[in-house]
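In what follows, a single structure is set out as structure tokens and then discussed.
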Amino acid sequence: MAKLYIHAGSHKTGTSSIQKYLFLNKKWFSMHGFYCYLEGPDNKPHRGNHSWWFDHSKLKEQSAYLREGFVSSISRFSERYDNVVVSSECFSWIFDALHLEKIAKELKESFDEIEVIFYIRRQDRHAVSHYQQAAKSFAEKEFYSGRNGALPDLDDNSIKYLDYYEKLLLWEAAFGRGSVTFRCFDDDVASRGVVSDFLLCLGISPIDRPQDGERANESWGWERTKVFRILNELGVRHQSECGQVIKSFLNDEGKLLPSAEEAYEFYSYFKESNKKLAKSLGYKDQFVCFEEDFSFYPKFSCDTFDETSANQALLNLSKGFLEYIKAKG
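In the numbering used here, the protein residues as written are -11 to 317.
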């Protein structure tokens, strides 16, 4: 019997960097009593966020669901290792309480202790970063709604994802009070490095361990994000041959940002819930991750095309498309 660590997200908080580190250093972890769970349904090791174990077909209307076979697959290692680690931001898309309780009950049959670890960002900052992911990922594109700008609509989906207090209650109801750890993806974590911070959560000292790797899955720049949101509507994915060529011609600088006023309005919806979260986690005052400093944002939003930026994007898109046609002969 062993302890299971579930790194459950959230998206855009260094999850890809953590997963890359676990994969590249799996032998080192094994030597130190940790098994990095990397198996897929084919029982072969895979690098990534375990999306193959999740059914996202009902994500927009209900929840993501773990597929049959996951619990039995990961439970096989509970007798061979003192600690088992699994990392996937897809866990943070589980909103179905009954499904989560079922998974928890089954896992507890094999693991003596289970700790769930979430990294969270202030809601406006998270939404800006995660909504940009819709240019890369079909799941984000389907999950969020809104215009081709910096922030998604504040609808049922974005609310249930970004209400961290409700998420805490949901996961504690399934795995038990005190089983869920929330870590702020704030300046301290960023300066330390999310991989180093995560290893501290596992009780692993920075001394005598492999060095952190490079950051992974960085957000795209302004032009590339906006153009690929449009191309996705036409079925052109950036992973495709055509998409790869076009992407190389699109400018990858700058970020889509709302105005400070828009960001604060978005964040304000969650203020009362954040206070409940702070109290539940033992903070006497405002949750430290959510200090109300909005100086990061410009006075006016910078997330819409003007004549100059639209013409430049069309020019770069055309160059990429013509290069693809030329390459295809």
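C-beta atoms are modelled at their ideal positions from N, C-alpha and C, and glycine is treated no differently.
Here's the rule I'm using: 16 or more other beta-carbon atoms within 10 Å means buried, otherwise exposed. How should residue i be labelled?
| i | result |
| --- | --- |
| residue 374 | Past the edges of the chain, shown from -11 to 317, lies residue 374, and the structure says nothing about it. |
| residue 161 | exposed |
| residue 155 | buried |
| residue 1 | buried |
| residue 296 | exposed |
| residue 314 | exposed |
| residue 47 | buried |
| residue 121 | buried |
| residue 294 | exposed |
| residue 126 | exposed |
| residue 176 | exposed |
| residue 301 | buried |
| residue 68 | exposed |
| residue 298 | exposed |
| residue 77 | buried |
| residue 128 | buried |
| residue 222 | exposed |
| residue 187 | buried |
In the DSSP assignment, find the alpha helix (DSSP H) that holds residue i and state where it starts and stops.
| i | result |
| --- | --- |
| residue 100 | Residue 100 -> not in any alpha helix (DSSP H); beta strand (DSSP E) instead, spanning 99 to 108. |
| residue 87 | 85 to 96 |
| residue 306 | 295 to 316 |
| residue 118 | 111 to 120 |
| residue 3 | 3 to 12 |
| residue 319 | As displayed, the chain neither begins before -11 nor continues past 317, which places residue 319 out of reach and without an answer. |
| residue 216 | 210 to 221 |
| residue 290 | Element bounds for residue 290: n/a, residue is neither H nor E. |
| residue 58 | 58 to 63 |
| residue 255 | 248 to 256 |
| residue 233 | 229 to 237 |
| residue 184 | 182 to 189 |
| residue 261 | 259 to 268 |
I think residue i touches residue j, with their Cβ atoms under 8 Å apart; what is that distance to the nearest whole Å?
| i | j | result |
| --- | --- | --- |
| residue 214 | residue 136 | 6 Å |
| residue -5 | residue 6 | 6 Å |
| residue 73 | residue 190 | 7 Å |
| residue 10 | residue 75 | 6 Å |
| residue 99 | residue -9 | 7 Å |
| residue 320 | residue 53 | For residue 320 there is no data in the structure shown, the boundaries of the chain being -11 and 317. |
Comparing C-alpha positions only, which one of the options sits nearest to residue i?
| i | options | result |
| --- | --- | --- |
| residue 324 | -6, 233 and 302 | The first residue shown for the chain is -11 and the last is 317, placing residue 324 beyond what the model contains. |
| residue 139 | 117, 176 and 24 | 117 |
| residue 250 | 180, 199, 170 and 291 | 291 |
| residue 33 | 14, 46 and 88 | 14 |
| residue 265 | 78, 151, 51 and 27 | 151 |
| residue 16 | 192, 79 and 227 | 192 |
| residue 57 | 68, 40, 69 and 44 | 40 |
| residue 207 | 176, 74 and 114 | 114 |
| residue 130 | 61, 220 and 147 | 220 |
| residue 29 | 231, 23, 61 and 197 | 61 |
| residue 65 | 37, 35 and 26 | 26 |
| residue 31 | 59, -10, 21 and 8 | 59 |
| residue 310 | 119, 235 and 99 | 235 |
| residue 178 | 67, 53, 90 and 3 | 3 |
| residue 110 | 50, 20, 211 and 256 | 256 |
| residue 286 | 212, 302, 246 and 93 | 246 |
| residue 51 | 301, 171 and 146 | 146 |
| residue 112 | 142, 171, 38 and 211 | 142 |
| residue 240 | 229, 228, 164 and 211 | 211 |
| residue 97 | 20, 163, 182 and 128 | 163 |
| residue 35 | 229, 12, 23 and 22 | 12 |
| residue 270 | -11, 18 and 166 | 166 |
Would the beta-carbon of residue i fall within 7 Å of that of residue j?
| i | j | result |
| --- | --- | --- |
| residue -7 | residue 103 | yes |
| residue 254 | residue 123 | no |
| residue 308 | residue 237 | yes |
| residue 248 | residue 288 | no |
| residue 173 | residue 252 | no |
| residue 262 | residue 278 | yes |
| residue 55 | residue 70 | no |
| residue 80 | residue -3 | yes |
| residue 209 | residue 231 | no |
| residue 105 | residue 169 | yes |
| residue 8 | residue 83 | no |
| residue 194 | residue 184 | yes |
| residue 153 | residue 132 | no |
In the DSSP assignment, find the unbroken beta strand (DSSP E) run with residue i in it and report its ends.
| i | result |
| --- | --- |
| residue -9 | -10 to -5 |
| residue 170 | 168 to 172 |
Is there at least one Cβ from chain C nearer than 7 Å to residue i's Cβ?
| i | result |
| --- | --- |
| residue -7 | In the displayed structure, chain C is absent; only one protein chain is listed. |
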